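Listed in order, the protein sequences are those of chains L and G.
Using the UniProt record's numbering, the first residue of the first sequence is number 1, and each one after it goes up by one.
Using the UniProt record's numbering, the first residue of the second sequence is number 1, and each one after it goes up by one.
Read through the structure below, which is laid out as structure tokens, and then see the notes.
There are 2 protein chains.
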Amino acid sequence: MSGKREEILDAALAIADERGLGAVSMRAVAQAVGVTPMALYPHVKDKAGLLDAMLGRLLAGVYAAAPAMAGDTGWRERLRVFAFTARSLSVGHPWVASLVFSRPAVTADAVTTIDLLYGALLDAGVPPAQVPRLERLVGTFVLGWIASESGGRFGPGGTDPRGRRGRLHQGPLPGHEALATWLERPVDWDAEFEADVADLERLVESVAARG
Amino acid sequence: MSGKREEILDAALAIADERGLGAVSMRAVAQAVGVTPMALYPHVKDKAGLLDAMLGRLLAGVYAAAPAMAGDTGWRERLRVFAFTARSLSVGHPWVASLVFSRPAVTADAVTTIDLLYGALLDAGVPPAQVPRLERLVGTFVLGWIASESGGRFGPGGTDPRGRRGRLHQGPLPGHEALATWLERPVDWDAEFEADVADLERLVESVAARG
DNA sequence: AGTAAATGATCTACACTGTAGAGATCTACA
DNA sequence: TGTAGATCTCTACAGTGTAGATCATTTACT
Numbered sequence: 001m002s003g004k005r006e007e008i009l010d011a012a013l014a015i016a017d018e019r020g021l022g023a024v025s026m027r028a029v030a031q032a033v034g035v036t037p038m039a040l041y042p043h044v045k046d047k048a049g050l051l052d053a054m055l056g057r058l059l060a061g062v063y064a065a066a067p068a069m070a071g072d073t074g075w076r077e078r079l080r081v082f083a084f085t086a087r088s089l090s091v092g093h094p095w096v097a098s099l100v101f102s103r104p105a106v107t108a109d110a111v112t113t114i115d116l117l118y119g120a121l122l123d124a125g126v127p128p129a130q131v132p133r134l135e136r137l138v139g140t141f142v143l144g145w146i147a148s149e150s151g152g153r154f155g156p157g158g159t160d161p162r163g164r165r166g167r168l169h170q171g172p173l174p175g176h177e178a179l180a181t182w183l184e185r186p187v188d189w190d191a192e193f194e195a196d197v198a199d200l201e202r203l204v205e206s207v208a209a210r211g
Numbered sequence: 001m002s003g004k005r006e007e008i009l010d011a012a013l014a015i016a017d018e019r020g021l022g023a024v025s026m027r028a029v030a031q032a033v034g035v036t037p038m039a040l041y042p043h044v045k046d047k048a049g050l051l052d053a054m055l056g057r058l059l060a061g062v063y064a065a066a067p068a069m070a071g072d073t074g075w076r077e078r079l080r081v082f083a084f085t086a087r088s089l090s091v092g093h094p095w096v097a098s099l100v101f102s103r104p105a106v107t108a109d110a111v112t113t114i115d116l117l118y119g120a121l122l123d124a125g126v127p128p129a130q131v132p133r134l135e136r137l138v139g140t141f142v143l144g145w146i147a148s149e150s151g152g153r154f155g156p157g158g159t160d161p162r163g164r165r166g167r168l169h170q171g172p173l174p175g176h177e178a179l180a181t182w183l184e185r186p187v188d189w190d191a192e193f194e195a196d197v198a199d200l201e202r203l204v205e206s207v208a209a210r211g
């Protein structure tokens with residue numbers, strides 16, 4: 001009966017969603033389950049193992065959204081499904097992105113997600129020798145983007161913080177000056193992600209055409 | 001006299017390089033400097049502030065490699081300088097990548113690095129309205145790539161761990177099967193990064209041509 | 001030169017963290 | 001019934017970041 005493991009994961013996910021990944025401690029999870037901290041260890045090996053399992057739960061959600069449209073749908077749709085469900089998952093669970101970069105993508109859930117992308121790229125006509133590379137390229141960008149968005153690299157709020165070129169500078173910033181007009185405006189992150197994915201599709205297309 | 005601050009950063013960087021980011025504790029840094037832990041606080045505000053400052057030091061290295069070839073060199077060279085120096089820095093300091101996704105890019109060092117990319121993209125003929133987006137796209141990919149490489153997402157060693165499609169699977173993996181031949185082979189990460197950057201250049205070119 | 005203020009460093013203490021180790025309890029199978 | 005295995009509890013240890021009070025030293029101003 002590994003229902004206890006699921007119970008532990010549920011509690012850990014709830015804590016991460018509500019109070020951030022930093023609040024996920026063995027003690028906190030144990031208390032949420034109604035048990036002492038050491039009682040988690042028969043089910044979870046490690047704290048790292050717990051985090052891996054949490055990530056797996058969310059990855060399962062990524063490809064769970066896909067099979068409904070697998071097979072006859074075009075490769076574009078499948079690539080977009082990956083990108084957009086990954087992003088939408090991360091807005092509800094902002095802590096995923098920081099995790100995904102620190103663990104090898106070898107769990108069952110991760111491999112299934114990757115297979116989804118392999119199929120899309122093959123159908124797009126990408127030469128098989130290039131498919132693994134392009135999968136990593138696409139995956140890396142999407143993961144990096146949502147990590148930046150939810151991790152704070154793009155800056156807090158809707159305004160691009162790079163627009164605030166500070167007074168505290170040694171050298172000149174010709175690029176920022178030339179773009180001053182565009183940097184003032186707030187950024188529509190939905191539109192930007194959409195445009196990025198479209199550019200990625202074109203990149204895939206171009207590799208397919210070249211090969 | 002803020003020489004003490006530099007001394008602290010030197011010690012913190014040395015510890016991170018030698019024993020990993022996890023070994024960077026206030027106590028460890030203090031001991032390396034030859035002082036009690038609390039003596040760091042007049043110089044560093046926080047542990048988060050210390051990590052930010054460490055990241056800043058390395059970012060400074062990224063654009064320090066650039067001005068030598070600024071101005072008359074082509075945009076491709078400048079884009080490549082960003083990508084390759086970022087990657088080469090990360091092999092000596094594998095901990096950067098995990099930091100760069102967790103802090104907004106608003107420090108002086110980060111802004112200067114971004115300006116380098118702005119200039120390159122403008123020279124490439126990218127419409128100004130698209131330059132900030134493409135800067136984020138390129139930056140996100142490069143950072144995501146080195147985070148994956150040094151953080152373990154691409155798997156340990158030189159062999160692609162995704163080639164080891166495990167026996168522990170529920171569903172079939174058509175993509176992995178179709179690619180079996182190519183997934184067996186070890187990956188040349190230098191060549192892959194090179195190919196990715198070339199694809200990125202083509203992407204930039206295509207946006208410039210379209211606009 | 002004398003005094004006030006700021007700065008730097010120290011020591012103690014608190015509330016955390018992950019988890020090793022020893023026992024207790026309960027379950028399943030011989 | 002006896003025994004092996006799993007699950008859980010309790011205690012304890014070696015860490016963590018940092019708040020608070022204290023003391024020394026250096027700087028700035030009258």
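Don't be surprised by glycine CBs; every beta carbon is placed ideally from N, CA and C.
Keep in mind it's a predicted model, so treat the numbers as computed, not measured.
| Query | Result |
| --- | --- |
| What's the gap between the Cα of V111/G and the Cα of F84/G? | 18 Å |
| When the Cα atoms are used, what is the spatial distance from residue 279/G to R76/G? | Outside the displayed span of chain G (1 to 211) sits residue 279/G, for which this structure offers no information. |
| Taking C-beta to C-beta, are R5/L and V44/L nearer than 9 Å? | yes |
| Are the CB atoms of V100/L and R153/G nearer to each other than 9 Å? | yes |
| Alpha carbon to alpha carbon, how far is A12/G from E205/L? Give it in angstroms, no decimals. | 45 Å |
| Give the interface partners of G115/G over in chain L, defined as CB-CB distance under 8 Å, in chain order. | Contrary to the premise, residue 115/G reads as Asp rather than Gly in this sequence. L173, P174, G175 and H176, listed in chain order. |
| Taking only three categories from DSSP, how would you classify A12/L? | helix |
| DSSP three-state label for A32/L, please. | helix |
| So with CB distances below 7 Å, who are the chain L contacts of A124/G? | Ordered by position in chain L, no residue passes the 7 Å Cβ test against A124/G, which lies about 12 Å from the chain. |
| Could you check which residue in G144/G, T36/G and V35/G has the C-alpha nearest to that of A97/G? | G144/G |
| Which of helix, strand or coil does DSSP assign to S102/L? | coil |
| P94/G by DSSP, collapsed to three states: which one? | coil |
| Just the chain G side, please: which residues come within less than 7 Å of L183/L by C-beta, in chain order? | P132 |
| Could you tell me which chain L residues have their CB closer than 8 Å to the CB of P186/G, listed as they occur along the chain? | By Cβ distance, chain L contributes nothing, its closest Cβ being about 11 Å from P186/G, past 8 Å. |
| Kindly confirm or deny that the segment 175-192 of chain G and the segment 174-185 of chain L touch, where touching means at least three C-beta pairs closer than 8 Å. | no |
| If you count every other CB in all the chains shown that lies within 10 Å of the CB of R78/G, and 16 or more means buried, which is it? | buried |
| Taking 9 Å as the CB-CB cut-off, is R80/L touching chain G? | no |
| The alpha helix (DSSP H) spanning S206/G covers which residue range? | W189 to R210 |
| Expressed to the nearest angstrom, what Euclidean distance is found between the alpha-carbon atoms of V131/G and D109/G? | 19 Å |
| For the segment 24-40 of chain G, which residues have a beta carbon sitting closer than 8 Å to at least one beta carbon of chain L? | none |
| Check whether chain G comes within 9 Å of L9/L, counting only Cβ atoms and requiring the distance to be less than that. | no |
| Determine the burial state of P186/G: buried for a count of at least 16 other Cβ atoms within 10 Å of its Cβ, exposed for fewer. | exposed |
| Work out the CA separation of H93/L and L21/L for me, nearest whole Å. | 9 Å |
| Excluding the 5 residues flanking V142/L on each side, which residues of the same chain have their C-beta closer than 6 Å to its C-beta? | A83 and A86 |
| Roughly how many whole angstroms lie between the Cα atoms of G61/L and I8/L? | 18 Å |
| Residues in the same chain with beta-carbon distance under 6 Å from A53/G, minus the five sequence neighbours each way, listed in chain order, please. | L9 |
| Straight-line CA distance for Y63/L to E135/L? | 15 Å |
| Should S98/L be flagged as near chain G, meaning a C-beta pair shorter than 9 Å? | yes |
| Taking Cβ positions only, does D17/G come closer than 9 Å to chain L? | no |
| Less than 7 Å between C-beta atoms, sequence neighbours within five positions excluded: which residues of the same chain meet that for F193/L? | R87 and W145 |
| Starting from L137/G, trace the alpha helix (DSSP H) both ways and give me its first and last residue. | V131 to G151 |
| Quick check on DSSP: helix, strand or coil for L173/L? | coil |
| Could you name the residues of the same chain whose beta carbon sits closer than 7 Å to that of W95/L, not counting the 5 residues immediately before and after it, in chain order? | A16, G20 and L21 |
| Give me, in chain order, the residues of the same chain whose beta-carbon lies closer than 7 Å to that of A28/L; leave out the 5 immediate sequence neighbours on both sides. | I15 |
| Restricting to Cα atoms, I'd like to know which of P127/G, P37/G and M26/G is closest to L51/G. | M26/G |
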